[in-house]
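So, in structure tokens, the structure goes:
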């Protein structure tokens, strides 16, 4: 595991009766910078970026509900509007606005929606593959009748209720799974992410911290047109980051980038879905310059 010169403090806040966890890297008088992780990830995913920026920013990185050390939803339901509500609560309760946000995947989706709702609260936004599925994928999904989507959701939830979290005999076995998920990771970085991403069971085995019910997608969401309306309301400079070796669709090519008032797309070669890990030094340099712009 990496030797960090400093470690963040663990804090909690309440949102919709859930106790949610975040880490605070100190320096409270500096401009706030909030880091949002992706699906089935955790807040310590950002340690490398935070370590390099915490001397200039007040960095807060939450565990999304159902992730890391945050509480799981009692009903196992994880709708996007609840994630957005949690973000709004954290920013409101801690008095962080106006702030900068850097977010990945699910976190990016949440941050983009929040910024569309409260454009005055966000100074600059970096979203790593945060626009969600490509328009063609969304279009195909919406062709499925709502009653079929609802029935699939019920069936999936029922199946998940009998599924136990996978147990690993030790950290090394969980580490191998982490390496399979992202072969771009160095062994040191993968170990750090694994150590902070698992908890030990009573029998001595280890399981990932995230709630298995996160695998069950809600049957309904706002429409693509409504997402685009939110994107159009974003006034702050926005950086849309993508890895060329990722499965995610490039918004400069699929048309989604045109819905932003002030956004540019940044593509990284030799990078997959986790650009901030795969090309850390280059990503850090770009984020530093982007946040420092007037």
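Residue numbers (the numbering used here): 8 to 301.
Glycine included, C-beta positions come from ideal geometry on N, C-alpha and C.
Every value quoted in this text rests on a predicted model; they were computed, and no experiment measured them.
Inter-residue Cα distance where the pair is residue 200 and residue 281:
Rounded to whole angstroms, residue 200 to residue 281 spans 13 Å at the Cα level.
Considering only DSSP beta bridges, list what residue 247 is partnered with.
134, 272
Hey, residue 40 and residue 107: beta-carbon distance below 8 Å or not?
Yes. Within cutoff.
Pick out the complete alpha helix (DSSP H) segments inside the region 31 to 102, 4 residues or longer, and give them in chain order.
54 to 60, 87 to 100
How about residue 133 and residue 246: do their beta carbons lie closer than 8 Å?
yes
Rounded to whole angstroms, what is the Cα-Cα separation between residue 25 and residue 100?
14 Å
Using the three-state DSSP reduction, which class does residue 215 fall into: helix, strand or coil?
Looking at residue 215 - three-state DSSP - the assignment turns out to be strand.
Should residue 254 go down as buried or exposed, given a rule of 16 or more other Cβ atoms within 10 Å for buried?
Classification of residue 254: exposed, given that the 10 Å Cβ count is below 16.
Could you tell me the alpha carbon to alpha carbon distance between residue 29 and residue 95, rounded to whole angstroms?
14 Å
Under the three-state DSSP convention, the category residue 120 falls into:
helix
Three-pair Cβ contact test at 8 Å for the region 285 to 295 versus the region 256 to 268
no
Same chain only: Cβ atoms within 7 Å of residue 217, ignoring 5 sequence neighbours per side:
47, 73, 74
Could you check which residue in 186, 164, 173 has the C-alpha nearest to that of residue 220?
164
Exposed or buried, residue 42, counting other C-beta atoms within 10 Å across all chains shown (16 or more means buried)?
buried
Going by DSSP in three states, residue 144 sits in which element: helix, strand or coil?
helix
Name, in chain order, the residues that DSSP records as bridge partners for residue 110.
43, 134
Give the DSSP-derived three-state secondary structure of residue 163 in the structure shown.
helix
Using the three-state DSSP reduction, which class does residue 21 fall into: helix, strand or coil?
strand
Expected contact under 8 Å - CB spacing of residue 90 and residue 117 to nearest Å
5 Å
What's the C-alpha gap between residue 161 and residue 36?
48 Å
Just verifying my parser: in three-state terms, what is the DSSP assignment at residue 16?
Residue 16 falls in the strand class under three-state DSSP.
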